[in-house]
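Engineer: Following this message is one structure expressed as structure tokens.
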Amino acid sequence: MALIFIGIFIMYIAIFVFSNNPILMSIAMIIGFLSVISSSLVYLWIGIKSTQTIHVNCPNCEKQTKILGRADACMHCDEPLTIDPNLEGKELDARYNRKNFQS
Ligand SMILES: [Zn+2]
């Protein structure tokens with residue numbers, strides 16, 4: 103998060119310090135802008151990583167399937183699967199995700 107503020111700070115400084123030098127001002131503006139963009143991308147990437155599907159082998163049919171979110175059903179045999187130990191052994195609830203899953 104700090105990088106976003108640093109980027110904004112650099113741009114802010116650039117406007118005041120280099121206001122009499124357009125070239126230096128644009129360079130500082132670009133540096134500030136790039137740090138804002140790169141930090142946004144890092145947070146976007148972390149966001150994508152945390153919602154990524156997890157590939158597992160189904161313990162029931164032993165085919166590879168994927169888990170979306172905290173809990174999901176095997177796409178081959180509808181075996182309830184979870185990555186959350188708190189949900190282990192419990193019935194897969196439609197609340198966790200899956201609009202079309204009814205148990
Ligand atoms: Zn299965």
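When you line the sequence shown up against my numbering, it's residues 103 to 205, in that order.
Glycine is no exception: its CB is placed at the ideal position from the N, C-alpha and C atoms.
Between which two residues does the beta strand (DSSP E) harbouring residue 157 extend?
Structural biologist: Element bounds for residue 157: 156-159.
Engineer: So, helix, strand or coil for residue 151, using DSSP?
Structural biologist: Looking at residue 151 - three-state DSSP - the assignment turns out to be helix.
Engineer: How about residue 157: is its Cβ closer than 6 Å to a heavy atom in ligand 1?
Structural biologist: No, the beta carbon of residue 157 sits no closer than 6 Å to any heavy atom of ligand 1.
Engineer: How about the region 129-145 and the region 104-120: do they share at least three Cβ pairs that are nearer than 8 Å?
Structural biologist: The region 129-145, when compared against the region 104-120, does touch it at the 8 Å Cβ threshold.
Engineer: According to DSSP, residue 132 sits in a beta bridge with which residue or residues?
Structural biologist: According to DSSP, residue 132 bridges with nothing at all.
Engineer: By DSSP, does residue 126 sit in helix, in strand, or in coil?
Structural biologist: DSSP places residue 126 in helix when its eight states are reduced to three.
Engineer: Apart from the five residues just before and just after residue 159, which ones in its own chain have a Cβ nearer than 8 Å to its Cβ?
Structural biologist: Excluding positions up to five away in sequence, the list reads 165, 166, 167.
Engineer: Does DSSP classify residue 139 as helix, strand or coil?
Structural biologist: In this structure, residue 139 counts as helix in the three-state DSSP scheme.
Engineer: For ligand 1, I want to know if residue 162 counts as a neighbour, meaning its beta carbon is within less than 6 Å of at least one of the ligand's heavy atoms.
Structural biologist: Residue 162: yes, Cβ under 6 Å from ligand 1.
Engineer: Rounding to the nearest angstrom, what Cα-Cα distance links residue 118 and residue 149 in this structure?
Structural biologist: Each residue's alpha carbon lies about 35 Å from the other.
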